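A.B. asks:
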């Protein structure tokens, strides 16, 4: 009898859901809207009702399901699936794991969405199942997941791996976390757009200023496009951003000495020039022995990393497996 795993990646706008095979193939995937009304109290019912319906449609019986893996935003106690806080959804002190277990009557395992995406990339993506890996997602914010000795680093209160909140400029811009100068304020799409706005205001004749005047706003995509066209102000922003990111990665790698650092998220769509710039800065700042034994690569799985990683989380917990060896 075919065994499957349910993978869930709950975001602020949609929840990505998938039925995943035991070896990590996606059998079927779909999305449902994330209803954040009332502090997100309807989300568990919505996603479980959708999964139940899909299992029925595809003629899977409940005893074919090994368990449910969930990636969710915020600070999460990985042993219980308790969400301390997920601002974008409205959860605070929310027993997600317990509630989903009650609804489904299945084993449920929950971790931070960036941690789960790192598991997915290492299982079936660019990581190739190395024991030590850092995954960085450059999107609206900067997310991160760390795998050390085959296991995700969750830390106390689920705060481990919050790479976006490494401080890189003590006199920098305000971050949503309440501090100043976090990596997220520079290397995220939002951070790059903020730098572009400041540059456009200080250089009214620049290409950035012209786009701002035409569109009323600036995006990270505008910056990378202008940089490709050899615009000096845009090139300055890209060079500075990649330098800071390379330095942050070098500092993190001194701690873990990973075999791979994977770069994903919307900003990574800028392509090979971005990766080359990060690599140059990384090599410049890193201990030579660290950079010699570490490969920087783009992540491969895109939006599927979360549901695939959630499935691996179930395998890891039920089969007591880690990357590279059995435990």
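In my numbering, the protein residues as written are 18 to 344. Positions of the beta carbon are idealized from the N, C-alpha and C atoms, including for glycine. Keep in mind the model is a prediction, meaning the values are calculated, not measured.
Which same chain residues end up closer than 7 Å to residue 157 when comparing Cβ atoms and leaving out the 5 residues on each side of it in sequence?
C.D. replies: 205, 206 and 207
A.B. asks: Going by CA-CA distance only, name the one from 245, 88, 224 and 79 that's closest to residue 127.
C.D. replies: For the residues 245, 88, 224 and 79, the minimum Cα distance to residue 127 belongs to 88.
A.B. asks: For the pair the stretch 275-292 and the stretch 100-110, tell me if three or more CB-CB distances fall below 8 Å.
C.D. replies: no
A.B. asks: Between which two residues does the alpha helix (DSSP H) harbouring residue 157 extend?
C.D. replies: No alpha helix (DSSP H) holds residue 157; DSSP gives it neither H nor E.
A.B. asks: Quick one: what's got a C-beta closer than 7 Å to residue 226's C-beta in the same chain, skipping five residues either side?
C.D. replies: 217 and 220
A.B. asks: Thinking C-alpha only, which one of 86, 20, 111 and 25 is nearest residue 55?
C.D. replies: Relative to the Cα of residue 55, the nearest Cα in the group 86, 20, 111 and 25 belongs to 111.
A.B. asks: Taking all protein chains shown into account, decide if residue 75 is buried (16 or more other Cβ within 10 angstroms of its Cβ) or exposed.
C.D. replies: exposed
A.B. asks: Using the Cα positions of residue 58 and residue 19, report the straight-line distance between them to the nearest angstrom.
C.D. replies: Distance between the alpha carbons of residue 58 and residue 19: 33 Å.
A.B. asks: Find out if the Cβ-Cβ distance for the pair residue 181, residue 339 is shorter than 8 Å.
C.D. replies: no
A.B. asks: Suppose contacts are defined by Cβ-Cβ distances below 8 Å. Is residue 345 in contact with residue 151 by that definition?
C.D. replies: There is simply no residue 345 to check, as the chain begins at 18 and stops at 344 in what is shown.
A.B. asks: If the criterion is Cβ atoms closer than 8 Å, does the pair residue 25 and residue 34 meet it?
C.D. replies: yes
A.B. asks: Which residue from 294, 253 and 91 puts its Cα closest to that of residue 28?
C.D. replies: 91
A.B. asks: Spatial neighbours of residue 159 within its chain, please: C-beta separation below 6 Å, excluding the five flanking residues on both sides.
C.D. replies: 181, 200, 201, 204 and 205
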